[in-house]
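Visitor: Using mature numbering (1 follows the signal peptide of the UniProt record, and there is no 0), the letters of the sequence shown map in sequence onto residues -20 to -1, 1 to 402.
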Amino acid sequence: MKKLFIFFAMVLTLAGITSCSDKEDDMPKFIVGFAQNAYTVDNSVGAVTTVRLVSSSPAETNLTVPFTLTGEGAGELTVSAQQFEFKAGESAAEITVTRKAVSKSRSATMTLANTDGVRLGLMDYTQVVLIGPNVYSFANSHDKLAIVKSFDIKLETATGSKFAFPDTTALDVDVDAASTAVEGTDFEFVNGKKAIFPAGKDEGQVTVKFLKKREGHDKIVLGLSKNESMIPGNNPTLTINIMGDADLSGTWVFSSVINNTWWEQSWGIAATILVDGTPEGDEFTLKGDGKNYQFTPNFTGKLKNYFTAAGTATNIGTRTERMQEESGRKVDLTVLKIDNVNLNISPVDKTIGSYRVGFFMRSNENTNQEELVMTLYEYKPTDTTIGDWGMSWKEVYESMAYSGGDPAMLDAPIRIAFTRKE
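#1: For I238, collect the residues of the same chain with a Cβ closer than 8 Å to its Cβ; drop the 5 residues on either side in sequence, then sort them by chain order.
#2: Would you call the segment 143 to 159 and the segment 242 to 261 touching, i.e. three or more CB-CB distances under 8 Å?
#3: Counting Cβ pairs, one atom from each stretch, are 3 or more of them under 8 Å apart for the segment 80 to 92 and the segment 21 to 35?
#4: Might you give, ordered along the chain, the residues of its own chain that have their beta carbon closer than 6 Å to the beta carbon of F66, omitting 5 neighbours on each side?
#5: Does the distance from the CB of V115 to the CB of I211 come in under 7 Å?
#6: Take the Cβ of L33 as the centre, count every other Cβ of all protein chains shown within 10 Å, and call the residue buried at 16 or more, exposed below.
#7: Rounded to whole angstroms, what is the Cα-Cα separation between G384 and R342?
#8: Roughly how many angstroms lie between the CA atoms of F145 and T95, to the nearest whole one?
#9: Please say whether I296 and V315 have beta carbons closer to each other than 7 Å?
#10: What distance in whole Å lies between the Cβ atoms of D269 and T280, which are believed to be in contact at a cut-off of 8 Å?
#11: For V376, which three-state DSSP category applies?
#12: For F177, does the count of other Cβ atoms within 10 angstroms reach 16, so buried, or fall short, so exposed?
#13: Quick one: complete beta strand (DSSP E) runs, 3+ long, within the segment 287 to 335?
#14: Per DSSP, what kind of secondary structure is N207 in: helix, strand or coil?
#15: Between which two residues does the beta strand (DSSP E) carrying W232 extend?
#16: Could you tell me which of F275, W373, L218 sits nearest to T252, measuring between CA atoms?
#17: Within the continuous beta strand (DSSP E) that includes E65, where are the two ends?
#18: For N272, which residues of its own chain have a beta-carbon under 8 Å away from its beta-carbon, when the five flanking residues on both sides are left out?
#19: Please state if the CB of S36 and the CB of I11 are separated by a distance shorter than 7 Å.
#20: Can you tell me whether D391 is buried or exposed? The criterion is at least 16 other CB atoms within 10 Å of its CB, across all chains shown.
#21: Could you tell me which of K124, S117, N23 sits nearest to R86, measuring between CA atoms?
#22: Below 8 Å CB to CB, which residues in the same chain sit around T106 once its five sequence neighbours on both sides are set aside?
#23: Which residues in the same chain as N207 place their Cβ atom closer than 7 Å to its Cβ, once the five residues preceding and following it in sequence are excluded?
#24: Which residues mark the beginning and the end of the beta strand (DSSP E) in which T219 is found?
#25: If you pair each beta-carbon of the segment 181 to 196 with each one of the segment 127 to 137, do three or more pairs fall below 8 Å?
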């Protein structure tokens, strides 16, 4: 009896093994799966990505593998075919996925469906990730316009990383209805109504030029036009107050002594012996109405020897200046009489009082940024440092005083450029 039981057990085991072997023989040997677990579609209409399906061996005959596309992002995509097609002898098949709309970051799931002659591998689904729109933000929410100025716009990806266009790109700019200034009357755009983003840079600029200062028409509100691949960030608009070139109000940061080369070539002496500065350590503030200002110096360089303390700065009119360093080009100086000025520009010798200083606004042709140019022409230097041609600043003054100018240094000014502090 025991032997009979063992015999039947062996028969059943053999039958089971034979059955499993038959099932394995029936399963397709052509196994497929996605080449990647995720694919990315850029954030622009028409952006394309290629999804690739691979097989364990070349197809013996032409085969197709259908799929489904589901999820939040599926509605923003179109596919080049509804199934992957393997041609005989090939071990890969591809379809293209194209973006037809851009909104927020989304994803869709592509899942393979069972079909005759094909066995699905472990990678039977993949994610199609739709990158959200890039973000633009003006560098400042408010700014001022005196003559011509370029205003910065920063770009980021939807995840906060820096973004840059591969090619120089111009985006349309809108003048918001909240503006009181009139385009073409009070201001105009320098490069057309565009924000220009250089290739590979995450920052662009829109440049605006002052035309006219009118009461009640001095506010410009700018934004970028609606763009499918861009959304506004922290500063979606920029409000610009038109100051005009007559109002010198603001905080101004040292840039350079712009006629130092002229002094060296014409007199053999450097203006920087008397005045110097750095953007980090030298600035001043004018606060007022265009007629009367409060002048507050904050200098760590040699300009502190001329502007010794805060005080009033009174507009006493304008005068025409010929800029020797620019072949005698004429500019109109706004002349302020400023308190607590030391004529001697010296830490030791002091002749302190209210004296005239000239100013004019200009746009730096290289940066399109506004500069306030300060012209020192009422000063009496006592410095005895000898220049390249054997003359000191004290001797330069004595020579100019002999010529009878009023003031003596009227035709021998020192000119310093300052940029507006944001």
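Positions of the beta carbon are idealized from the N, C-alpha and C atoms, including for glycine.
Guide: In brief:
#1: Reading the sequence shown from its first residue, position 258 is the one you call residue 238. Non-local beta-carbon contacts of I238 in its own chain, meaning distances under 8 Å to residues more than five positions away in sequence, involve E305, V353, R395, I396, A397 in chain order.
#2: Taking a cut-off of 8 Å on C-beta distances, the segment 143 to 159 does not touch the segment 242 to 261, as fewer than three cross pairs fall below it.
#3: Because the criterion of three Cβ pairs below 8 Å is met, the segment 80 to 92 and the segment 21 to 35 touch.
#4: Position 86 of the sequence shown, counted from the first residue, corresponds to residue 66. Only A39, L43, A73 meet the Cβ criterion.
#5: Along the sequence shown, one-based indexing puts residue 115 at 135. Along the sequence shown, one-based indexing puts residue 211 at 231. Yes, Cβ-Cβ distance for V115 and I211 is below 7 Å.
#6: Taking the sequence shown and counting its residues from 1, one reaches residue 33 at position 53. L33 should be labelled buried.
#7: Residue 384 sits at position 404 when you count from the first residue of the sequence shown. Residue 342 sits at position 362 when you count from the first residue of the sequence shown. Using only the alpha carbons, I get a separation of about 30 Å.
#8: Position 165 of the sequence shown holds residue 145. Position 115 of the sequence shown holds residue 95. The straight-line gap from Cα to Cα measures roughly 43 Å.
#9: For the purposes of this step, residue 315 is identified with residue 335 of the sequence shown, where counting begins at 1. For the purposes of this step, residue 296 is identified with residue 316 of the sequence shown, where counting begins at 1. Taking 7 Å as the Cβ cut-off, V315 and I296 qualify as a contacting pair.
#10: Counting from 1 along the sequence shown, the entry for residue 280 is found at position 300. Counting from 1 along the sequence shown, the entry for residue 269 is found at position 289. Rounded, the Cβ-Cβ distance is 29 Å, inconsistent with contact.
#11: As a first step, residue 376 must be located in the sequence shown, where it is residue number 396. V376 falls in the helix class under three-state DSSP.
#12: The residue labelled residue 177 in the question sits at position 197 within the sequence shown. Taking every protein chain shown into account, the CB of F177 has 16 or more other CB atoms within 10 angstroms, so this residue is buried.
#13: Within the segment 287 to 335, the complete beta strand (DSSP E) runs of at least 3 residues are 291 to 303, 309 to 322.
#14: By 1-based counting over the sequence shown, the position of residue 207 is 227. Note: N207 maps to strand in three-state DSSP.
#15: As a working note, residue 232 is residue 252 in the sequence shown. Where W232 is concerned, the enclosing beta strand (DSSP E) starts and stops at 230 to 237.
#16: Along the sequence shown, one-based indexing puts residue 252 at 272. Taking the Cα of T252 as reference, the smallest distance to any Cα among F275, W373, L218 is reached at W373.
#17: The residue labelled residue 65 in the question sits at position 85 within the sequence shown. Boundaries of the beta strand (DSSP E) harbouring E65: 63 to 66, taken from the DSSP string.
#18: Locating residue 272 in the sequence shown gives position 292, counting from the first residue. Cβ within range, chain order: T292, A293, T294, N295.
#19: Numbered from its first residue, the sequence shown carries residue 11 at position 31. Numbered from its first residue, the sequence shown carries residue 36 at position 56. Cβ distance < 7 Å, so I11 and S36 count as in contact.
#20: The residue given as residue 391 occupies position 411 in the sequence shown. The residue in question, D391, is exposed, as its Cβ has fewer than 16 Cβ neighbours within 10 Å.
#21: As a position in the sequence shown, residue 86 is number 106, starting the count at 1. Put simply, of K124, S117, N23 the residue whose alpha carbon is nearest the alpha carbon of R86 is N23.
#22: On the sequence shown, position 126 is the one that residue 106 refers to. Counting only Cβ-Cβ distances below 8 Å, and skipping sequence neighbours, we find F14, Q16, N17, A18, Y19, V31, T89, M90.
#23: Your numbering for residue 207 matches position 227 in the sequence shown. Within the same chain, L151 come within 7 Å of N207 by CB-CB distance, once the 5 residues on both sides are set aside.
#24: Residue mapping note: residue 219 aligns to position 239 of the sequence shown, counting from 1. Run containing T219: 218 to 222, per the beta strand (DSSP E) assignment.
#25: Touching, per the Cβ criterion.
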